[in-house]
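Residue numbers (the working numbering), protein chains in the order written: chain D, 74 to 514; chain S, 5 to 301. Even for Gly, the Cβ is constructed at its ideal location relative to N, Cα and C. Quick caveat: nothing in here was measured; it's all calculated off a predicted structure.
Written out as structure tokens, the structure reads:
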């Protein structure tokens, strides 16, 4: 039987379930795809060079080490400076200039030249991470590179650097095996800085983020410092303590305000005024009152959600169909019964939705709450690592917070069906696209 | 050829006898000198003016009138949901001071509690009255089956059709054993077929239950078909135009719609509610927009 499909662009009409699911997947796939594209296709946007071989500039106090990022222009100047330094050194080699520095110093700097390929050798798997300064092994690697036995898989030397390396090797190979005392007393040329195009540090590669996410969350407690799972547990405790406290007072008060004009007039004007003062402005005050640890953090989340909650719940309560109350009255219900048997069950589904939105607010305030007094939780980690520009560690944590919020909301949306079975079956759960989509097919 | 109709005041002997008996019965609801004035930006508006009537035990009273005559205001005052500016309503000699279980009400909008099943809705008033859960449930079951909803007793209201919802609402109101059942255009939102069924249903239920009914409607046939007496209101201000004793004998049947007493009553109501001097042609200036021949006239 031919299907009449809703066209892709149909005003205010739902697409088929399969298409909706497809689009929902795309809404995640597109940004992730863009991120991968920018990260893995070097021709798209790679303004930096990530060094894997660095060098020393004479008379400059700024030292770059492998792994550092340089702007492309700056990198070119860096390479040029080293080239010029090497030309000077060739003048010693040709005997056009006398070496004035003491041999000890020259040997020391030659040792540093030898070690230039330390990280490079590690990246190619020729050395363990802790062997970077093992000069005997480095010496053998120089030999291998000079004689063409080693070429490099992950990283390779440029032709220019190979030439420099071979020229140096002509001086070094006399030693047979490495000994610091036998290093030539004439300066060797430095390898030129080498690197590959890279994005700035604030945009780590997707796979790095996934790997460090795994590392961070599989970390076992060592007793020294907090693991990320402990931090996550702490943050969850703060959010939910603050939020539950808010609910404990805000829910009944909101319902009362929505039910009785007396409470509405008595509380709402002040609450309305108070909510315009952003919660963070009270942070120092809260620390002064509650100390520096958990209490002011919970209090901040309370302040941030409570006042909104009272107003939102009061409004939702007022939206309850009056005729339901009148019907209940003609059935003999008075004050107490009206509130407990009609208003409370009647507004519950909508209040539940309000709370889902307010819980999102609580997460927002958490970020500020954890920075007041003694910094703690996930935010402290983000803050510290962010300052050290370890964004490949910051991203996993940020994404985790997002995932937890999203998962909580989905769970609550899912539970709604069981808590409020009378709500129409066709009710569209926010973002519950996947299950909803397949069911429709 | 014009049909000659008897006067709507002419009552067959058995009808007259019935009215005599009805008036002998005790008064369930008494309405005395009811005024309702609303304040508005253009000054006070009188919605109801000097309404008086009595409702006897097991009487069915329809209230009819043009839109804006204050029908809904009247029934809300009867239910105690609104306070009259002056005058009073009493039920069984007790002045109504607010809404309560004495006056049950069925609204036009469906007011079943959406979070309760049909059975739980019917149990609502019973439990508030202090009945035990078991007793309330047993009674609710009876009422649910009386309105023919046994198969839906565990359904939620939004799973029911409009007609079923109103049947459940009637069961909920009657389960409370109110002295008076107030119905505010209860079938107004239903389609014609369902409405006709519901009217017959209501008469059948009322025959078996000891309750007096005040029934608001704007449907003339509905008013005549159901009621013992019809209170006709006129608009601006809302006043009693006439209290008609319906000469159609009981038990009622839809076949009576074409019998002389029914037609005579209907003609009278037409005259009261749509006065001839205000016909459509005079009120609306419709210019001719067709050039097709006159075969429609």
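Secondary structure note for residue 107 (chain S): its beta strand (DSSP E) is the uninterrupted segment 107-110. The beta carbon of residue 433 (chain D) lies closer than 7 Å to those of 478 in the same chain, with the five residues before and after it left out.
Within chain D, the residues whose beta carbon sits less than 7 Å from that of residue 105 (chain S) are 404, 405, listed in sequence order. Chain-ordered, the chain S residues with CB closer than 7 Å to the CB of residue 495 (chain D) read 118, 119, 160, 162.
In the structure shown, residue 58 (chain S) falls within a strand segment according to DSSP collapsed to helix, strand and coil.
Residue 178 (chain S) is positioned such that its CB atom lies closer than 7 Å to that of residue 213 (chain S). Proximity of chain D to residue 113 (chain S) at the Cβ level (cut-off 9 Å) is accounted for by 394, 396, in chain order. Taking C-beta separations shorter than 7 Å and ignoring five residues to either side along the sequence, the partners of residue 137 (chain D) in its chain run 124, 127, 143, following chain order.
Ranking D:224, D:231, D:262 by CA distance to the CA of residue 242 (chain D) puts D:262 first. Within a 10 Å sphere around the beta-carbon of residue 358 (chain D) sit fewer than 16 other beta-carbons, which makes this residue exposed.
Across the region 78-92 of chain S, CB contacts with chain D closer than 9 Å involve 80, 83, 84, 85, in sequence order along the chain. Identification of chain D residues near residue 180 (chain S) by a Cβ-Cβ cut-off of 7 Å yields 404, 405, ordered along the chain.
Here residue 416 (chain D) is actually not in contact with residue 392 (chain D); their C-beta atoms are around 11 Å apart, not less than 8 Å. For the region 337-367 of chain D, the full-length alpha helix (DSSP H) segments reaching 4 residues or more read 356-363 along the chain. Contacts with chain D (Cβ-Cβ distance below 9 Å) from the region 132-150 of chain S involve 132, 133, listed in chain order. Bridge pairing for residue 121 (chain D): D:144, D:271 [DSSP]. In the three-state reduction of the DSSP assignment, residue 124 (chain S) falls in the helix class. For residue 168 (chain S), the closest Cβ of chain D is not nearer than 7 Å.
For the region 321-344 of chain D, the set of residues with a beta-carbon nearer than 9 Å to any beta-carbon of chain S is empty. In its chain, beyond the 5 residues on either side, 32, 33, 59, 60, 61, 62, 63, 64, 65, 183, 184, 185 have a beta carbon closer than 8 Å to the beta carbon of residue 216 (chain S). The Cβ of residue 127 (chain S) sits no closer than 7 Å to any Cβ of chain D. Check the Cα spacing between residue 222 (chain S) and each of S:235, S:211, S:210: the tightest is with S:235. With fewer than 16 other CB atoms across the displayed protein chains lying within 10 angstroms of its CB, residue 104 (chain D) is exposed. Distance from the CA atom of residue 196 (chain D) to the CA atom of residue 368 (chain D), rounded to whole angstroms, is 48 Å. A straight-line Cα-Cα distance of about 30 Å links residue 259 (chain S) and residue 28 (chain S).
Counting along the chain, the unbroken beta strand (DSSP E) around residue 185 (chain S) starts and ends at 184-188.
Here residue 84 (chain S) has 100, 102, 103 as same chain residues with Cβ atoms under 6 Å from its own Cβ, once five neighbours each way along the sequence are excluded. Setting aside the 5 residues that flank it on each side, residue 23 (chain S) is surrounded in the same chain by 15, 232, 249, each with a C-beta closer than 8 Å to its C-beta; the list follows chain order. At a C-beta separation below 8 Å, residue 424 (chain D) has no neighbours in chain S, since its nearest C-beta there lies roughly 13 Å away.
By the neighbour-count definition (other C-beta atoms within 10 Å, threshold 16), residue 203 (chain D) is an exposed residue. Residue-level contact check: residue 74 (chain S) does not touch chain D, since none of the beta carbons of chain D fall below 7 Å from its beta carbon. In the three-state reduction of the DSSP assignment, residue 94 (chain S) falls in the strand class, which pools E and B. At the C-beta level, residue 276 (chain S) and residue 245 (chain S) come within 7 Å of one another. Around the beta carbon of residue 488 (chain D), fewer than 16 other beta carbons lie within 10 angstroms, which makes this residue exposed.
By alpha-carbon distance to residue 276 (chain D), the top candidate from D:121, D:473, D:304 is D:121. Going by beta carbons, residue 375 (chain D) and residue 451 (chain D) fall outside the 7 Å limit.
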